[in-house]
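Have a look at the structure below before the remarks.
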Amino acid sequence: MRWTGTNVIFLLVYVDDLLITGSSNFAPTQFISRLSTTFALRDLGEAHYFLGLELHRSSNGVHLCQRKYIHDLLVKTKMHEAKPIHTPMAASTRLDVTHGSPLPDATEYLKRILHNLKSTIDHVITFRSSLEFALEAFSDADWASYPVDHRSQGGFYVYLGRNLISWCSYKQSIVSHSSTESEYRSLASTVAEILWLQMLLTELGLKLPRPLVIWCDNLSAKFLSSNPVHYSHTKHIELDATLYEKKLQPAFY
């Protein structure tokens, strides 16, 4: 990012691919002109394809998809005429590195992923302008959902206005003794993500009109967050709890 008076330029660089935009048409054009005096550049005009993502603009907003990337992958693997499958693996199957012997040939399982991509080739994420420019997150955890090591599954997704901009599902690294602990660890991850997004928006010169909102559905987490005292059985999650409590004012509904 570069500020020049009232103009601002945003530059995204990945190896030798560049994506440039700015507050006016003049600023990026001038920047590209100056950059081309030092580096060999090829200006592709308005962005339509970047790092496997197709970008389309319409009166309804900006649309992102990976139709071309998936099509090229299917052609490369000679799977372009494959029948679509709506799940990447059997719904009743759970992957486990500690059970069973290594597969002699995993090709058939890899092909199922390509079958699944065939079914999602036309899926699109659309970003629309929203009257309410605010960050809102939803956090949840599935306590001890892994039967082998009894670790929990955590996850969150974040909206900017009506637009889904960030999401995550992950296996927690530590065993939680209760659903409250797993929820708090998930909340801490959500807080870290939403604060990073807030800092990014601030750096882009965008201000949020109201405090950040994170939704959680665990009553025990509500009672624990309302009490600033950490009892002996919650000391081991004190860092996660402190991050959550110091950054956000709990308000559960």
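The sequence shown maps to residues -26 to -1, 1 to 227 in mature numbering (1 follows the signal peptide of the UniProt record, and there is no 0).
Even glycine gets a Cβ: it sits at the ideal position worked out from N, Cα and C.
Cβ neighbour criterion (16 or more within 10 Å) applied to residue i
{"i": "G(-5)", "result": "buried"}
{"i": "L25", "result": "exposed"}
{"i": "S167", "result": "Contrary to the premise, residue 167 reads as Glu rather than Ser in this sequence. The residue in question, E167, is buried, as its Cβ has 16 or more Cβ neighbours within 10 Å."}
{"i": "V149", "result": "exposed"}
{"i": "L186", "result": "buried"}
{"i": "T61", "result": "exposed"}
{"i": "G19", "result": "exposed"}
{"i": "S104", "result": "exposed"}
{"i": "residue 230", "result": "It is not possible to answer for residue 230, since the shown part of the chain is limited to -26 through 227."}
Residues bridged to residue i [DSSP beta-bridge criterion]
{"i": "Y133", "result": "E110, L138"}
{"i": "V(-12)", "result": "V(-12) is not bridged to any residue."}
{"i": "S143", "result": "G129"}
{"i": "W170", "result": "Answer is none; W170 lacks a bridge partner."}
{"i": "A1", "result": "Looking at the DSSP assignment, A1 forms no beta bridge with any residue, so it has no partner."}
{"i": "A115", "result": "G128"}
Beta-carbon spacing of residue i, residue j below 7 Å
{"i": "P58", "j": "K85", "result": "no"}
{"i": "L47", "j": "A108", "result": "no"}
{"i": "A195", "j": "E157", "result": "yes"}
{"i": "T100", "j": "H37", "result": "yes"}
{"i": "A64", "j": "H89", "result": "no"}
{"i": "Y131", "j": "W141", "result": "yes"}
{"i": "S143", "j": "G129", "result": "yes"}
Residue i versus residue j - alpha carbon distance
{"i": "E155", "j": "L178", "result": "35 Å"}
{"i": "D114", "j": "E106", "result": "24 Å"}
{"i": "A162", "j": "D123", "result": "22 Å"}
{"i": "Q(-19)", "j": "K52", "result": "The sequence as given places Val at residue -19; Gln does not occur at that position. In a straight line, the C-alpha of V(-19) is about 46 Å away from that of K52."}
{"i": "V49", "j": "D96", "result": "16 Å"}
{"i": "Y227", "j": "I188", "result": "Low confidence applies to Y227: its pLDDT is 43, below 50, so where it sits in the model is not reliable enough to give any reading."}
{"i": "L29", "j": "D116", "result": "35 Å"}
{"i": "residue 228", "j": "L138", "result": "Residue 228 is absent from the structure shown; the chain starts at -26 and stops at 227."}
CB contact check: residue i to chain C, cutoff 7 Å
{"i": "S33", "result": "As a matter of chain content, chain C is missing from the structure shown, which is built from one protein chain."}
Ranges of the alpha helix (DSSP H) found wholly within the region 7 to 85, counting only runs of at least 4:
41 to 50
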